[in-house]
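In what follows, a structure is listed as structure tokens, so that the remarks can point back to it.
Numbering (the numbering used here), first residue to last: 110 to 280.
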């Protein structure tokens, strides 16, 4: 083998080994996403600020369907007896206050629908949701990290700040 051939062989080996040396993650598989995941924290991608999830939120992925249900800590509680004594208008306000803060942010979240994996993007298509404006839309979540215990998803909402959500496997 001539010196030129050796240099070419080493160059080719280095070129093909570069993704492995840089820690490239293999494409996620749908089967690896199936199960129940709990949100641990959110990271604001503009400021870099990481905040723990204020409450509990679970995402469950089956073969083709997903559900998300979550609740902030400190959600208002009204006893059944007190609720029954309220007027119809006060019941409506109480129900609204159990789901939304005064500024419109959700305290309780729930949605479900179908999902599919396209490359490293998780596409959620809600068919039911408390926040009804997302029904029928393609919610794209970029998979940043996926291993047996951790899932990191990145999302850029139509309005608002892009963020990353870190999940831990529950089941």
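Glycine included, every Cβ here is placed at the ideal spot set by N, Cα and C.
Source: prediction; values computed, not measured.
Range of the contiguous beta strand (DSSP E) that encloses residue 152: Its beta strand (DSSP E) spans residues 144 to 153.
Every unbroken alpha helix (DSSP H) within the region 150 to 200, with a cutoff of 4 residues, ordered by chain: Taking only runs of at least 4 residues, the alpha helix (DSSP H) segments lying wholly in the region 150 to 200 are 189 to 194.
Cβ neighbours of residue 153 in the same chain (closer than 7 Å, five flanking residues each side left out): Here the set comprises 270 and 272.
Cut-off 7 Å between Cβ atoms - residues of its own chain near residue 214, not counting five sequence neighbours on either side: So the list is empty, once near-sequence residues are dropped.
Classification of residue 277 by the beta-carbon crowding that lies within 10 angstroms, buried from 16 upward: Around the C-beta of residue 277, fewer than 16 other C-beta atoms lie within 10 Å, and the residue is accordingly described as exposed.
Whole-number beta carbon distance between residue 173 and residue 223, since they are thought to touch under 8 Å: Indeed they touch by this definition, with Cβ atoms about 6 Å apart.
Beta strand (DSSP E) segment containing residue 210, residue limits: Looking at the DSSP string, residue 210 is not in any beta strand (DSSP E), and its letter there is neither H nor E.
Whether residue 171 touches residue 160 by CB criterion (8 Å): Taking 8 Å as the Cβ cut-off, residue 171 and residue 160 do not qualify as a contacting pair.
Per DSSP, the bridge partner or partners of residue 223: Paired residue(s): 174 and 234.
Buried versus exposed, by CB contacts within 10 Å (16 or more), residue 52: Outside the displayed span of the chain (110 to 280) sits residue 52, for which this structure offers no information.
For residue 248, the nearest candidate out of 242, 238, 232 and 257 (CA to CA): Closest by alpha carbon: 232.
Inter-residue spacing [alpha-carbon to alpha-carbon] between residue 175 and residue 234: Computed Cα separation, rounded: 9 Å.
Which listed residue (155, 156, 177 and 183) has its alpha carbon closest to that of residue 163: Of the listed residues, the one whose Cα sits closest to residue 163 is 183.
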